[in-house]
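Q: Heads up: the sequence shown begins at 239 in our numbering, then just goes up one per residue.
Structure below; questions to follow.
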Amino acid sequence: MELLTGTGLWPLAIFTIIFILLVDLMHRRQRWISRYPPGPVPWPLLGNLLQVDLDNMPYSLYKLQNRYGDVFSLQMVWKPMVVINGMKAMKEVLLTCGEDTADRPLMPIFEYLGLKPGSQGVVLASYGPEWREQRRFSVSTLRNFGLGKKSLEEWVIKEAGHLCDAFTAQAGQAISPSTMLNKAMCNVIASLIFARRFEYEDPYLIRMLKLLENSLTEISGFIPEVLNAFPILLRIPRLADKVFQGQKSFMAIVDNLLTENRTTWDPDQAPRNLTDAFLAEVEKAKGNPESSFNDENLSKVVGDLFTAGMVTTSITLNWALLLMILHPDVQRRVQQEIDEVIGQVRRPEMADQAHMPYTNAVIHEVQRFGDIAPLILPRITSHDIEVQDFFIPKGTILLPNLSSVLKDETVWEKPLRFHPEHFLDAQGHFVKPEAFIAFSAGRRSCLGEPLARMELFLFFTCLLQRFSFSVPDGQPQPSNHRVFAVPVSPSPYQLCAVMREQRH
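This is the structure:
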């Protein structure tokens, strides 16, 4: 009964405080290691959580880099983290130490959403034999279904035509382009995964894209970071279900599409799509407990590819159209090159890219300036490593800061401005600096990079071949401000698409 009195509570409170401080000190042991990277002093229990802006991490990390250098440390609650900046340090981490930095840290929110050991996928999964098996399958299957071949190119060109038709229907009006771009990119990846296409007004497609948008919002920002730091909160009844409602609803739609595909799959026929190819591997793997080909992984792989294959390309094209209306001189030069190389009648083809250095430079500069994935998904060291003469022990979370390379003032002439000449030499030939790593590098580089490059070139040239884009009459010029989410998108804007005069 004494503990219930005011006097009796004091010893318990003091014991609790001392216990928390001791646990906190144990988790700070990295700072006592010789040659551990410097960083801001963490607060008790919360670490540096309140010293960074989780809604604008790139700017927070930029300020810390200026103070502590290219390799510095943070402590997010009890998790030791080292931030990697600059091309030299990035190459050491992603390439030189690639085998020891390819794993992912355990993230409680993703475990809650079903990504547990043995449930692999290709983006968030742990590094190991199962992940390598799934990545090899995804790369080879995408290649077999047309990556780098004419068939896929024809799919993309056909979808670009549908997108142009959608713009034509609203020509001369104020248009918000992001929704139409999402629909077009969704159809490209859906054709690869499910061998199907949705009409742009299909309610099922509209609902799927809305849920995907919600799901990406749910896993970024302050609340997910708090839930990862204090996973016990995930046990509060109905709290996590409410926070991740969009994520679970989106995966339910993916599962419905998989069920529909399975009902029409014929194992005796050649695979129609990636899902068929995976189901064939599941059949082969029956009786092999070490195989990663199972129904649960099918859902994870398809969810990863569907999300990664659509969102990033759509947002990049959204940046491209915004930058064209903000830089009409650049738009005119691209259209001039299109007219000279392709004309205004024939549809663009990938073979044209080699003859269009300025257009190619503009697309790469859109990616650099847009900087839609400023931070690579976290890694964790599986062994002790050394980076820039700093010692980073096993079990340390790594946060590679791509933005520090894409906006490096020692590499780019005008790092904070849109400047296509970054990718042109003095003779006007296309060049790609080593610091252009928009698709990351190393073992976990973007497996869909060839598809993304094809989509960006064909959709961009198709749109500028047919339309001129401008600010709608009576509207102020939009800004190039960013919405810091996953991925980083431009602030919502509208444009006016005007059909170009056809000259034969």
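Glycine included, each C-beta is placed from N, C-alpha and C at the ideal position.
1) Please name the residue or residues paired with residue 734 in a DSSP beta bridge.
2) Give the DSSP-derived three-state secondary structure of residue 617 in the structure shown.
3) Sorted by chain position, which residues of the same chain lie with C-beta nearer than 6 Å to residue 649's C-beta, five sequence neighbours on each side aside?
4) For residue 481, does the three-state DSSP call read helix, strand or coil?
5) Work out the CA separation of residue 461 and residue 698 for me, nearest whole Å.
6) Use the C-beta contact count for residue 285: other C-beta atoms within 10 angstroms, 16 or more gives buried, fewer gives exposed.
7) Ignore the nearest five residues each way along the sequence and tell me which others in residue 600's own chain have a CB closer than 7 Å to its CB.
8) Which term fits residue 701, buried or exposed, when burial requires 16 or more other beta carbons within 10 angstroms of its beta carbon?
9) State the DSSP-derived secondary structure class of residue 584, mapped to helix, strand or coil.
10) Between which residues of its own chain and residue 341 is the CB-CB distance below 7 Å, once the five residues before and five after are set aside?
11) As a quick exercise: from 474, 332, 431, pick the residue whose alpha carbon is nearest that of residue 390.
12) Could you tell me which of 315, 641, 597 sits nearest to residue 661, measuring between CA atoms?
13) Mapping the DSSP letters down to three states, classify residue 624 as helix, strand or coil.
14) Between which two residues does the beta strand (DSSP E) harbouring residue 322 extend?
15) Helix or strand or just coil, what does DSSP make of residue 325?
16) Residue 232 to residue 736, Cα distance in whole Å?
17) On the three-state DSSP scale, how would you describe residue 594?
18) Using a Cβ-Cβ distance cut-off of 8 Å, determine whether residue 580 contacts chain B.
19) Quick check for students: name the residue ranges of the alpha helix (DSSP H) that lie wholly in the segment 430–498, counting only runs of 4 or more.
20) With respect to the beta strand (DSSP E) encompassing residue 313, which residues constitute its N-terminal and C-terminal limits?
21) So, is residue 277 buried or exposed, given that buried needs 16 or more other C-beta atoms within 10 angstroms?
22) Tell me the rounded alpha-carbon separation between residue 718 and residue 733.
23) Work out the CA separation of residue 632 and residue 593 for me, nearest whole Å.
24) Hey, how far is the Cα of residue 453 from the Cα of residue 548?
25) Taking the alpha helix (DSSP H) that residue 638 belongs to, which residues open and close that run?
26) Does residue 341 come out as helix, strand or coil in the three-state DSSP assignment?
27) Name the DSSP bridge partner or partners of residue 662?
28) Expressed to the nearest angstrom, what Euclidean distance is found between the alpha-carbon atoms of residue 357 and residue 304?
29) Express the C-alpha separation of residue 579 and residue 483 in angstroms, rounding to a whole number.
A: According to the structure data:
1) Stepping through the sequence shown from its first residue, residue 734 is reached at position 496. According to DSSP, which records beta bridges pairwise, residue 734 is partnered with 412, 708.
2) Against the sequence shown, residue 617 aligns to sequence position 379. Residue 617 falls in the strand class under three-state DSSP.
3) Counted from its first residue, the sequence shown places residue 649 at position 411. Excluding positions up to five away in sequence, the list reads 673.
4) In the sequence shown, the residue the question calls residue 481 occupies position 243. Helix.
5) Counting from 1 along the sequence shown, the entry for residue 698 is found at position 460. Counting from 1 along the sequence shown, the entry for residue 461 is found at position 223. Rounded to the nearest angstrom, the two C-alpha atoms are 36 Å apart.
6) Here the question's residue 285 lines up with position 47 in the sequence shown. With 16 or more Cβ atoms within 10 Å of its Cβ, residue 285 is classed as buried.
7) Here residue 600 refers to the residue found at position 362 when the sequence shown is read from its first residue. 568, 572, 658, listed in sequence order.
8) Residue mapping note: residue 701 aligns to position 463 of the sequence shown, counting from 1. Buried, because 16 or more other Cβ atoms sit within 10 Å of the Cβ of residue 701.
9) Your numbering for residue 584 matches position 346 in the sequence shown. Coil, per DSSP.
10) Numbered from its first residue, the sequence shown carries residue 341 at position 103. The answer, listed in chain order, is 364, 365, 617, 618, 620.
11) Numbered from 1 along the sequence shown, position 152 holds the residue referred to as residue 390. The residue with the shortest Cα to Cα distance from residue 390 is 431.
12) Position 423 of the sequence shown, counted from the start, is the residue given in the question as residue 661. Closest by alpha carbon: 597.
13) By one-based count along the sequence shown, residue 624 stands at place 386. Three-state DSSP puts residue 624 in a strand.
14) Translated into positions along the sequence shown, residue 322 becomes position 84. Counting along the chain, the beta strand (DSSP E) containing residue 322 begins and ends at 317–322.
15) Your numbering for residue 325 matches position 87 in the sequence shown. Here residue 325 sits in helix by DSSP.
16) Missing from the structure shown is residue 232; the chain here goes from 239 to 742 and no further.
17) Numbered from its first residue, the sequence shown carries residue 594 at position 356. If DSSP states are grouped into helix, strand and coil, residue 594 belongs with coil.
18) Considering every chain present, this structure includes no chain B. It has just one protein chain.
19) 441–456, 460–467, 477–481
20) Residue mapping note: residue 313 aligns to position 75 of the sequence shown, counting from 1. Residues 309–314.
21) For the purposes of this step, residue 277 is taken as the residue at position 39 of the sequence shown. So residue 277 counts as buried.
22) On the sequence shown, position 480 is the one that residue 718 refers to. On the sequence shown, position 495 is the one that residue 733 refers to. Spanning the two alpha carbons is a distance of roughly 13 Å.
23) As a first step, residue 593 is located in the sequence shown; it is residue number 355 there, counting from the start. As a first step, residue 632 is located in the sequence shown; it is residue number 394 there, counting from the start. When rounded, the distance between both Cα atoms is 48 Å.
24) By one-based count along the sequence shown, residue 453 stands at place 215. By one-based count along the sequence shown, residue 548 stands at place 310. Near 14 Å, if we compare the C-alpha coordinates of residue 548 and residue 453.
25) By 1-based counting over the sequence shown, the position of residue 638 is 400. Note, residue 638: premise wrong, no alpha helix (DSSP H); beta strand (DSSP E) at 635–638.
26) Along the sequence shown, read from residue 1 onward, the residue named residue 341 stands at position 103. Looking at residue 341 - three-state DSSP - the assignment turns out to be strand.
27) As a working mapping, residue 662 is identified with position 424 in the sequence shown. DSSP output for residue 662 lists 668 as bridge partner(s).
28) Start at 1 with the first residue of the sequence shown, and residue 357 comes out as number 119. Start at 1 with the first residue of the sequence shown, and residue 304 comes out as number 66. Residue confidence is low: residue 357 scores 49 on pLDDT, short of 50, so the model does not pin down where it sits. No coordinate-derived value is stated.
29) Numbered from 1 along the sequence shown, position 245 holds the residue referred to as residue 483. Numbered from 1 along the sequence shown, position 341 holds the residue referred to as residue 579. So the two alpha carbons sit approximately 49 Å from each other.
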